[in-house]
Amino acid sequence: MLESLRGLGYSTGAALADIIDNSVSAGASEVLLDFHWDGARSRISILDDGRGMDDGELESAMRLGDKNPLQVRHPGDLGRFGMGLKTASLSQCRRLTVASSKAGVISCLRWDLDALAATSGTDWLLFEGPAEGSEECLAPIRERCHGTLVLWECLDRVVTPGYTPDDFLAMIDRVEAHLAMVFHRLLEGSHPRLRLLINRRRVEPWDPFMTGSPAKPWTSSLARTFTVAGPVEVECHVLPHQDRLSADEFTKMAGPEGWTAQQGFYVYRNQRLLVAGGWLGLGTGRAWNREEAHRLARIRLDIPNTADAAWKIDIRKSSARPPVSLRPWLTDLAERTRERARKVFAFRGSPVTGPRGGAVEPAWQAVRTRSGTRYRIDEKHPAVAAVLEVAGEICPLVRAMLRVIEETVPVQRIWLDTAEGRETPRTGFAGEPDETIVGIAGILYADMVGRRGMSDEAAKRLLMATEPFQNYPALVASLRGNSSNDRTRIG
Ligand SMILES: Nc1ncnc2c1ncn2[C@@H]1O[C@H](COP(=O)(O)OP(=O)(O)OP(=O)(O)O)[C@@H](O)[C@H]1O
Ligand SMILES: [Mg+2]
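Mapping the sequence shown onto the working numbering, position 94 (from 1) lands on 97, and the numbers just tick up by one.
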């Protein structure tokens, strides 16, 4: 059974998170992870300053399923199944030694799969004390009057044939990124609840929501609902467009799995992250996939540990499914967040409203019909309306031209370029010199004050409500005044 339980599918980071969960539940404020490279004899240890275990408690802790999952847990407890210590450890190693100190008395027990395989009979052989030659590894716990040390040796699932020291270092980096994310809320603040060190280096929290960043386009207010299994809290976030982030910020905020993979729900249980992204099987009609266009949407969702059964929490603490009763509520919140995130992504972070929050006349309309979406040029857009008004007898020709443009929007090309280039192609004069923008805006301005007889002020107001000029208030303001013989020349 122990050999079978090794295959639960933990990554090294997820396995370590499960061990750290136990430390947090035991009231630890500091957890030290030590990765020691020594080829096939490499080892990993986890040392905490929690309350520790006495002999009896340790013996129980080493048992599979030592606690009933139906049992009510302390509200801050991160455990549920009475399995993690064993399943997480043995998913990575063949020898698990746990030494715990309580009231200055040290107890030590060990599961050793190779020693077990070598014995006949049906007894469960839980060994006492460290393996021969490993005594030194337990030295740090001897200096503590409370705390626990978990030692993983014979790391056959980590150090596989051909594994190099560089692979070991890369694994440590992945683990650090994972733990920085999973425990970020415990690691944050000037007085964090938890300090986590890997080979003596402090793990810095990674906050998926860029809390407090002025570049963020949107954060919802807190939404709360009460279920029989306890309260559920949701806060929706839209992260800034790439253009509003430095290259370093953009790379950092992508997260361990990258922007597209990290979109969606972040489910926390007692502040500990269970699920990092994805849409929880929600969707309108079909379940939503993680798509490039929604990569800026991230939703924080908090559940208490009384909701474990209702949310189908798994042993690895890596998955959760919302109860059916909550799906409509969550779908609605998610849909609104996705829509906002899509707009920010598509409009390169520029507001879709004018500077004072007023509506902006778009040049294109997306018309959704039963048979699909069509893109139409908006005839009310001042640049289009002006031409149609003066077109006279060539009006049909102009309309035919517009129709041809609409029918040949290079949708697939744009879609491919966006997906491959990982960003939206340039539009809205992005990257163009000021003269170009002033040149085009000037032509429209001249038409407004000249042909249409608008005042300087009215023309500028109209331009500020016209896509894409609403993004260039300083340039619009700089357009020449409306003295009748001092008009910007057309052409
Ligand atoms: N670092 C630790 N300090 C103190 N007690 C611990 C520690 N690690 C484990 N324990 C004790 O051992 C028990 C078993 O741990 P284990 O991780 O196997 O299961 P769990 O945490 O109860 O549930 P889950 O399977 O959901 O993790 C814990 O409930 C706890 O009482
Ligand atoms: Mg546990």
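Here a beta-carbon is modelled for each residue, glycine too, at the ideal position from N, C-alpha and C.
Looking at C-alpha atoms only, which residue of P78, G55 and G87 is the closest neighbour of D69? As a first step, residue 69 is located in the sequence shown; it is residue number 66 there, counting from the start. Closest option to D69, Cα to Cα, is G87.
Keeping to the same chain, check which residues put their C-beta closer than 8 Å to that of K383; ignore five residues upstream and five downstream. Here residue 383 is taken as the residue at index 380 of the sequence shown, counted from 1. The residues are E364.
Let me check one thing: in DSSP terms, what residues is Q368 bridge-paired to? Taking the first residue of the sequence shown as 1, we reach residue 368 at position 365. R379.
For P325, is the classification buried or exposed, using 16 other Cβ atoms within 10 angstroms of its Cβ as the cut-off for buried? One-based indexing of the sequence shown puts residue 325 at position 322. Buried is the call here.
Please list the terminal residues of the continuous alpha helix (DSSP H) segment that includes L128. Locating residue 128 in the sequence shown gives position 125, counting from the first residue. Here L128 belongs to no alpha helix (DSSP H), and DSSP marks it neither H nor E.
What is the DSSP secondary structure of W229, reduced to helix, strand or coil? Sequence index remark: in the sequence shown, residue 229 carries index 226 (1-based). Checking the displayed sequence, the identity of residue 229 turns out to be Phe instead of Trp. Residue state, collapsed to three classes: strand.
Consult DSSP for K463 and reduce its assignment to one of helix, strand or coil. Taking the sequence shown and counting its residues from 1, the one referred to as residue 463 is at position 460. Note: K463 maps to helix in three-state DSSP.
Through-space distance from K463 to S353, alpha-carbon basis: The residue labelled residue 353 in the question sits at position 350 within the sequence shown. The residue labelled residue 463 in the question sits at position 460 within the sequence shown. Any reading at S353 must be qualified, since the residue scores a pLDDT of 49, below 50, and its modelled position is unreliable; the value itself is stated next. Each residue's Cα considered, the two are about 19 Å apart.
Which residues mark the beginning and the end of the beta strand (DSSP E) in which S103 is found? Mapped onto the sequence shown, residue 103 falls at position 100. Residues R98 to K105.
Could you tell me the distance, in whole angstroms, from the CA atom of S249 to the CA atom of L299? For the purposes of this step, residue 249 is taken as residue 246 along the sequence shown, with counting starting at 1. For the purposes of this step, residue 299 is taken as residue 296 along the sequence shown, with counting starting at 1. About 16 Å.
F186 classed as buried or exposed, judged by whether at least 16 other C-beta atoms fall within 10 angstroms: Residue mapping note: residue 186 aligns to position 183 of the sequence shown, counting from 1. With 16 or more other Cβ atoms within 10 Å, it is buried.
Check whether D57 and S26 have beta carbons under 8 Å apart: By 1-based counting over the sequence shown, the position of residue 57 is 54. By 1-based counting over the sequence shown, the position of residue 26 is 23. Not a contact, by the Cβ cut-off of 8 Å.
DSSP on I23, reduced to helix/strand/coil? Your numbering for residue 23 matches position 20 in the sequence shown. Looking at I23 - three-state DSSP - the assignment turns out to be helix.
Could you name the residues of the same chain whose beta carbon sits closer than 6 Å to that of S63, not counting the 5 residues immediately before and after it, in chain order? Position 60 of the sequence shown, counting from 1, holds the residue named residue 63. If we look at S63 and ignore the five residues flanking it on each side, its Cβ neighbours are D69.
Taking only the alpha-carbon atoms, compute the straight-line gap between L81 and G261 and give it to the nearest angstrom. Locating residue 81 in the sequence shown gives position 78, where the first residue counts as 1. Locating residue 261 in the sequence shown gives position 258, where the first residue counts as 1. In a straight line, the C-alpha of L81 is about 27 Å away from that of G261.
If contacts are defined as beta-carbon pairs under 8 Å, then L112 and L61 qualify, I think. What distance do you get, rounded to the angstrom? For this step, residue 112 is matched to residue 109 along the sequence shown. For this step, residue 61 is matched to residue 58 along the sequence shown. Between L61 and L112 the Cβ distance is about 6 Å, and since that is below 8 Å, they are a contact.
Taking 7 Å as the line, does the beta carbon of R54 fall inside it for any heavy atom of ligand 1? Counting from one through the sequence shown, the residue named residue 54 turns up at place 51. Yes, the beta carbon of R54 sits closer than 7 Å to at least one heavy atom of ligand 1.
Straight-line CA distance for K89 to M65? Indexing the sequence shown from 1 puts residue 89 at position 86. Indexing the sequence shown from 1 puts residue 65 at position 62. Taking the straight line joining both Cα atoms gives about 7 Å.
Exposed unless 16 or more other CB atoms sit within 10 angstroms - verdict on T340: Mapped onto the sequence shown, residue 340 falls at position 337. With 16 or more Cβ atoms within 10 Å of its Cβ, T340 is classed as buried.
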